[in-house]
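Read through the structure below, which is laid out as C-alpha cells, and then see the notes.
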Amino acid sequence: MRWPAQMILGAALTALFLAVALVSLIWVPHDVAALNIAAKLLPPSAAHPLGTDHFGRDMLSMLMVGARSSIAVALVAVGIGVAAGVPLGLLAAARHGGWVDELVMRGNDLIFAFPALVIAILITAVFGPSALNAILAIGIFNIPVFARVTRGGALSLWRLDYILAARVAGKGALRISAEHILPNILNLLIVQGTIQFSLGILAEAGLSYVGLGAQPPTPSWGRMLAEAQTMIYTAPRLALLPGLAIVTMVLGLNLLGDGLRDLLDPRLRRRTA
Amino acid sequence: MIEMQNLSLEIHGQPILRDVSFDLRPGEVFGLVGESGSGKSMTALALMRLLPHGSRLSGLATIDGADLTALSEAEMCDLRGNRIGMIFQEPMTALNPVQTIGAQVAETLRIHCGTPRAEARARAVEVLARVGLPEERFGLDRYPHQLSGGQRQRVCIAMAIALRPALLIADEPTTALDVTTQAQILDLLKRLVAEDGMALMLITHDLAVVAGMADHLAVMQKGEIVESGLTGAVLGEMRHPYTRALFEASGHRPDPPPAPQEKAPLLELRQVTRDYPAARRGLFRRPAPFRAVSDVSFTLRRGESLGLVGESGCGKSTLTRAILGLEELQGGEIRLDGEKVAAGQHMPAHMRRKMQVVFQDPYGSFNPRWRVGRLVAEPFHLTGWPEDTEGRVAEALEAVGLQARDAAKYIHEFSGGQRQRIAIARALITRPEMIVLDEAVSALDVRVRAQILDLLADLRARFGLSYLFISHDLSVVRAITDRVLVMRAGRIVERGGTEAVFADPQHAYTRELIAAAPVLPAHWPQGRTGDAGALV
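For the protein sequence lines, the chains are Y and P, in the order given. Position one of the first sequence corresponds to residue 61 (this note's numbering), numbered consecutively onward. Position one of the second sequence corresponds to residue 106 (this note's numbering), numbered consecutively onward.
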C-alpha cells in the first residue's frame, strides 16, 4: 500500500500537536498562570525558548496548553457531531423516502441555513463564555454534516445484494444499519471527522479571539492572537507564534484528511484495468 | 490488414500476454474467446495502447504496415476513433450521462475532422440511422438514460463507426444484453462489417456467439493463444484440450436427478399482482400505477426445479422479492407450504427459514468486512443460533466443495465461482426446502458455471431441495430445470415441461426467444473449413 507523501506529513504534524497537548497535561516548562512582569517581552533564550509575552508568561508553555484547549474543544465537538449525526443519517437512509427521512434532512437544512460562527458567538455570548459552551456551539454545527455524509454513504449501500440477503435472513433495518452499513461507511466518517476536526480548531480559535472561548487564566491560541494585536509592531513574535501554530495544525489535519481520503474512499480508488 | 506478431505484455513485472499473434483482415470477423483473466481484453487494450501504468509492451502490431507500438501518444489519439473503433460491455457506463446522444456521436467527427457543428450534427443523424436509430423515433436530443440497453449499445456502435474505421474492436458487446437484443446487435455488427468492409475483432467468453459470428477464431488461456484458425476448423477438430473443455462446458448438462416422488405443492402463487405507483406529474394528477407483475399463478412442487425465463424488465425480480416476502402485493396471494406469505419483516421466522436465496453478483452479495464463517451463518438469525454453529458452517462449506477452514478467511480471497459456492452454502445453512436462484450463474465463466450447475443438481438430489431458477439464459434453464415458465411484461405467457417447451414452443414470444438464442452445435461437420456463419 503506497502511503502518499502528503499523508505522512499531515500525520506527522497532527501527531506532533497531539503529543504536545498530551505532554502539557503532566508538565509544562513554566507555570502559565503565574505573571512575571519583570520578565516581560524577553527574546528567545535558553530558559524561554520562544521568549515571553507582555505578562512575562513563557510562550512555549502557553502554546502547549493552548494546544490542549483547542484540541479538546474540537475533538469533543466532533464527538457530538458523530454521536448525534451518524445515527440520524443511518435512520434517514433506512427510512429513505418516508417522513423520517424528510424530517432529518429538513432539520439539516435548517441548521445549515445559519452562519455557524455567528451563531456560535451568539450562543456563547448568551449562555456565558466558556470552553463548554464553545464545544456545544461548534458541536451543533457538526451534526448535520455527519448526518448528510452518513446518509449518502448508507443509501448507496442499501441497494446492494448483501443487504437483501440480510433482509431475507429476517433482520430489521436497525440491525442491518448497525451490522452491515456502519462498518462499511467508516471510511467516509474517518475522512469527514478529520476535516471537521480541523474546522473545529479554526472555530475555537475564532471564538477565543473574540473572548468567548476558554477563559483566562487558561491560555488559548485565539486569545493570544487577540492580546498580541496591540503589540504587533513592537513584538510581532507574540502574534506570529500562535498564528503559525493554528496554521500548522489545520494544515496537518487537512493533509491527513486528504491522504486518508485517497487511501480509504472506495470511489477514488484507482482501478487497475 | 492488421497484424499482431508475438505481442507480449507485462504489467508491474507480471506477464499478462505471451507471444500473441493473429491477423485481422478487412471484411472478416475475428473471434477471441477465453475465460475471465485470460487476457483477451488486455489484447484489445494493447492494440489501442490504452494500457495501465507500469505496462511494458513488446512485439509488433501493425495496421497497414504502420507499427502501432512505435507511435507516440498524439499519433495514437489520431488513430483511436478514426481508424480503430472500440465498443465495450456496459453501454450505460460507456456513454456520458449528461450529454445527448447526438452530441456524443458528433464529438467523434468534430475531434478528428474538425467538422463544424451543424454538419457534424447532420452526419450524426446519418450514422445513427445506419445503426437502427432513425431520427424520427430517436431524436438527437435524447439522453442515454432515456434509452434501453440495446439502444445505448447502438449509440456506442454509432460513435465507433462514425468515421468508417478499418478495425472495430467489440469487447463483450452483448454480455449485458437480453437474448433478443443480443441477436439484433450481432446482426447489426455483421451488416456493418459487410457494408464497410472493416475488420471486426469480437471478444467474448460465449462460444455460441462466436460460432455464429466469426470467420476466424482464437482461443486464449492465461495470456496465450492455445488454438486458432478458421472457426469451422477450430470447433470441428478441437485439437487443444482447453478448447475441448470450453466446448463441453458450454453445452454441459448435469445428470438429471430422479423425478420427485411427492406431488405436494410447496409454493403456490395465485393471481399475484404488484403495482408500483408512478411518478407524480402535476400537483393533482397521478397517472395510473405501473403494473410490474400481473395476475401470475403457478405452483412449485417439492423436489422440483422450476425455471422462470424472461428478459430484463419483465418483472421476474419483483416476483422474486414478492415470493421472499420483501414486497407487498396489490392482489393475489402466495402460499408457502400452505401458510400465507405476508410482506415485510413480519414474515415469521419459521417460514423464512424454509426459503433461501442465491443472488447474481458474487461480488456484491457479501459484506466485505465479515469473515466467511459469519457470512454463512447469518441466516441463523432466523432459527436461533445452534449449539455448534461452527460445525454447521463447516458442514455447509464442505457440502459445496470448499473446506471448513475457509470459514476464517475474508470474502475477497475467493474467486467468483468460489463466492457463488459460499452463497449456496449460506442458502443451505438453515436446511431450507426451497432455494430461489436469481440469475445465480449468469456472472460466471463457462467452466465454473458447469461446475456450479453440477453442484446444484447434486445438492438437490442429496437434500431433496426445490429450486426456483430465474434466468434470462435459455441454455442454463434447459440444463437444470424440470418445468419452465416464460414471463413477459409481468405475465406468464407459456408454461410446461422444459424439454417440451423448448422443442415445441407454443407462444410467439417463446419462439422469438428460442430463435434469438445463439446455439453452439454439438457436432461440427468435419472438413468444412470455410463455412462459419451458416450453422446457427
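Each residue gets a CB set at the ideal place from its N, CA and C atoms; glycine is no exception.
Any chance the CB of K145/P is under 7 Å from a heavy atom of the ligand MG?
What this structure holds is no ligand at all, so the ligand MG is not there to describe.
How big is the Cα-Cα spacing for A354/P and H310/P?
12 Å
Does H250/P get closer than 8 Å to chain Y when you measure Cβ to Cβ?
no
List the residues that DSSP assigns as beta-bridge partners of A304/P.
Paired residues: L272/P.
So, is the C-beta of E518/P closer than 8 Å to a C-beta in chain Y?
no
Ignore the nearest five residues each way along the sequence and tell me which others in P484/P's own chain have a CB closer than 6 Å to its CB.
I534 and T535
Roughly how many angstroms lie between the CA atoms of N244/Y and D322/Y, to the nearest whole one?
Rounded to the nearest angstrom, the two C-alpha atoms are 16 Å apart.
State buried or exposed for L388/P, treating a residue as buried only when at least 16 other CB atoms are found within 10 Å of its CB.
exposed
Name the one or two DSSP bridge partners that T167/P has.
E108/P and D172/P
Could you tell me whether the stretch 144–155 of chain P touches the stretch 244–253 of chain P, where touching means 3 or more Cβ pairs closer than 8 Å?
no
Contact the stretch 113–123 of chain P vs the stretch 325–340 of chain P: 3+ CB pairs below 8 Å:
yes
For Y347/P, does the three-state DSSP call read helix, strand or coil?
helix
Have a look at R600/P and V606/P and give me their C-alpha separation to the nearest angstrom.
Near 7 Å, if we compare the C-alpha coordinates of V606/P and R600/P.
Straight-line Cα distance separating M197/P from Q209/P
13 Å
Enclosing alpha helix (DSSP H) for T603/P [first to last residue]:
T603 to A608
Please go through the same chain and pick out, in chain order, the residues whose beta-carbon is closer than 8 Å to the beta-carbon of L156/P, but skip the five residues on each side of it.
L114, I116, M147, L150 and L162, listed in sequence order.
If we define contact as Cβ-Cβ less than 8 Å, is G469/P a contact residue for chain Y?
It does; some Cβ of chain Y falls within 8 Å.
Using a cut-off of 7 Å between C-beta atoms, extract the partners of R227/Y located in chain P.
L431
Quick check on R457/P - is its C-beta less than 8 Å from some C-beta in chain Y?
yes
What residues of chain P sit near D221/Y, judged by a beta carbon separation below 7 Å?
Neighbours of D221/Y on chain P, chain order: F464, D466, G469 and S470.
Out of curiosity, what's the CA-to-CA distance linking A154/Y and S237/Y?
Cα to Cα, the separation comes out at about 7 Å.
Give the list of continuous alpha helix (DSSP H) stretches no shorter than 4 residues that lie fully inside the stretch 387–459 of chain P.
421–428 and 454–457
Can you tell me whether F206/Y is buried or exposed? The criterion is at least 16 other CB atoms within 10 Å of its CB, across all chains shown.
buried
So, is D221/Y buried or exposed, given that buried needs 16 or more other C-beta atoms within 10 angstroms?
The residue is buried, with at least 16 neighbouring Cβ atoms inside 10 Å.
Check whether the Cβ atoms of L211/Y and G273/Y lie closer than 8 Å to each other.
Checking the sequence shown, residue 211/Y turns out to be Arg, not Leu. Taking 8 Å as the Cβ cut-off, R211/Y and G273/Y do not qualify as a contacting pair.
Go through the stretch 568–598 of chain P residue by residue and report every complete run of the alpha helix (DSSP H) that reaches 4 residues or more, in order.
The stretch 568–598 of chain P contains these whole alpha helix (DSSP H) runs: 579–585.
Say whether the stretch 278–292 of chain P touches the stretch 176–196 of chain P, bearing in mind that this needs 3 or more beta-carbon pairs closer than 8 Å, one atom from each stretch.
yes
Would a C-beta distance cut-off of 8 Å place R117/Y and S84/Y closer than the cut-off?
no
Chain-order list of residues whose beta-carbon lies under 7 Å from that of G506/P (same chain, five-residue window excluded)
R526 and L560
Have a look at E267/P and D183/P and give me their C-alpha separation to the nearest angstrom.
According to the sequence as given, residue 267/P is Ala; it is not Glu. Going from the Cα of A267/P to the Cα of D183/P covers about 14 Å.
Start-to-end residues for the alpha helix (DSSP H) that takes in L238/P:
It is not in any alpha helix (DSSP H) - L238/P carries neither H nor E in the DSSP assignment.
For N201/P, count neighbouring Cβ atoms within 10 angstroms of its own Cβ and tell me buried if that reaches 16, exposed if not.
exposed
Environment of I198/Y [buried if 16+ CB atoms lie within 10 Å]:
With 16 or more Cβ atoms within 10 Å of its Cβ, I198/Y is classed as buried.
Near L102/Y, which residues of its chain fall below 7 Å by C-beta distance, leaving aside the five closest residues on each side in sequence?
H108, G111 and T112
What residues match up with F135/P in a beta bridge as DSSP calls it?
M306/P and H321/P
Taking only beta-carbon positions, decide if P278/P is within less than 8 Å of chain Y.
No, P278/P does not count as interfacial toward chain Y.
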